[in-house]
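J.:
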């Protein structure tokens with residue numbers, strides 16, 4: 065049994081881009097300066113679970129990869145296998161899209177582009193079942209399954225777009241039924257972003273249950289200190305969710321910048337070719353913590369304390385988002401092929417490196433010591 069089933073505090077890491085980074089010769093070093101596998105290093109710092117995103121088919125019709133890890137089933141199975149071999153639990157994150165699904169976009173998979181109604185619900189169910197059967201066949205079944213990603217504005221647009229909670233609930237239900245029919249005892253998580261917004265979470269889950277949304281086990285939150293309010297806002301929301309719904313809580317995505325230095329030069333990109341960091345110098349003015357190594361460590365200390373303080377012991381832990389996504393030429397948030405899929409424009413590149421738990425040269429940061437010791 066793992067930390068999720070044993071109700072231990074979860075110190076998780078989303079390492080979905082790791083295989084891509086390794087293929088591009090990214091290097092990671094432990095506290096002694098020895099080159100090691102990133103997953104092994106993170107485990108030594110206390111990581112006991114990983115979160116893995118899964119995209120339906122992250123390739124163009126011509127087979128061009130979409131990038132950002134190109135997290136197809138084969139990649140996800142390999143990362144899950146590595147984790148299980150180390151005794152690390154696995155949270156499987158089903159996006160139900162061919163690429164990023166988040167509050168700003170929920171694009172149907174290309175294979176489902178004209179599906180609606182019951183046909184779309186059946187596709188969600190059948191896909192969920194097929195994926196979990198593959199995990200079952202490989203003997204690496206996940207310990208927790210997340211149905212959809214960043215669902216505050218719905219999923220599989222336009223069919224499941226907020227405020228149509230009846231459609232949202234039916235699509236989410238289809239995913240939950242798929243999980244339950246393969247393994248009834250596996251916990252299921254529903255995840256929203258903007259973790260400091262208590263009103264959003266109340267409205268969403270009240271509307272979901274009022275629309276006959278199927279019961280589930282864990283509420284997942286995202287928290288970004290540069291855009292989701294203060295840690296006090298997050299705390300108030302978690303406390304309210306625990307008392308209002310009685311669900312276990314996981315902060316499924318969290319990160320904090322440690323530098324304002326752009327990583328474009330480390331990717332061999334001209335500044336105009338890089339997307340730019342999501343945690344930028346102007347963000348510092350809005351945050352309670354400085355974007356320094358010490359600021360990142362201080363943030364993590366207070367953040368983890370807050371989860372421990374959730375009423376009824378329902379604060380189960382967290383997953384740090386992409387702690388190992390350091391600059392590596394060729395690894396970015398998108399490619400030309402995926403930009404076309406999203407109907408978006410460039411540029412691309414690594415937006416996340418200044419929020420990682422390794423510096424730009426792959427060395428561990430002080431925040432990892434905090435995680436280990438709390």
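Numbering (our numbering), first residue to last: 65 to 438. No residue lacks a Cβ here, since even glycine has one placed at the ideal position from N, Cα and C. These numbers come from a predicted model, not from an experiment.
1) Spatial neighbours of residue 368 within its chain, please: C-beta separation below 6 angstroms, excluding the five flanking residues on both sides.
2) Nearest to residue 306 by CA position, among 434, 166 and 266, is which residue?
3) Would you kindly report the start and end of the unbroken beta strand (DSSP E) that includes residue 424?
4) What does residue 157 pair with, by DSSP beta-bridge criteria?
5) Between the Cα of residue 86 and the Cα atoms of 114, 72 and 139, which residue gives the shortest distance?
6) Can you check which of these residues, 253, 111 and 395, is closest to residue 72 by C-alpha distance?
7) Might you give, ordered along the chain, the residues of its own chain that have their beta carbon closer than 8 angstroms to the beta carbon of residue 365, omitting 5 neighbours on each side?
8) Using alpha carbons as the reference points, say which of 402, 427 and 351 lies closest to residue 174.
9) Three or more C-beta pairs closer than 8 angstroms, one from the stretch 280 to 295 and one from the stretch 250 to 263: is that the case here?
10) Any idea what DSSP makes of residue 326, helix, strand or coil?
11) First and last residue of the beta strand (DSSP E) that includes residue 255?
12) Taking its Cβ as the centre, do 16 or more other Cβ atoms sit within 10 Å of residue 183, making it buried, or is it exposed?
13) Please state the DSSP three-state secondary structure of residue 186.
14) Which partner residues of residue 166 appear in the DSSP bridge assignment?
15) Is the separation between the beta-carbon of residue 236 and that of residue 158 shorter than 8 angstroms?
16) In the DSSP assignment, find the alpha helix (DSSP H) that holds residue 402 and state where it starts and stops.
17) DSSP beta-bridge partners for residue 286?
18) Return the CA-CA distance between residue 203 and residue 193, expressed in angstroms with no decimal places.
19) Going by alpha carbons, who is nearest to residue 52 out of 394, 149 and 281?
20) Could you have a look at residue 381 and say whether DSSP puts it in helix, strand or coil?
21) Classify residue 268 as helix, strand or coil using the three-state DSSP reduction.
22) Would you identify the three-state DSSP class for residue 77, choosing helix, strand or coil?
23) Note the first and the last residue of the continuous alpha helix (DSSP H) segment covering residue 231.
24) Helix, strand or coil for residue 397? Go by DSSP, reduced to three states.
25) With distances taken between CB atoms, is the gap from residue 320 to residue 353 smaller than 8 angstroms?
26) Where does residue 122 sit, in a helix, a strand or coil, going by DSSP?
T.: Walking through what the data contain:
1) 438
2) 266
3) No beta strand (DSSP E) holds residue 424; DSSP gives it neither H nor E.
4) 117 and 210
5) 139
6) 111
7) 434 and 438
8) 402
9) yes
10) coil
11) 252 to 256
12) exposed
13) helix
14) 169
15) no
16) 400 to 406
17) 317
18) 15 angstroms
19) Nothing about residue 52 can be read from this structure; the chain reaches only from 65 to 438.
20) strand
21) helix
22) strand
23) 229 to 246
24) coil
25) yes
26) coil
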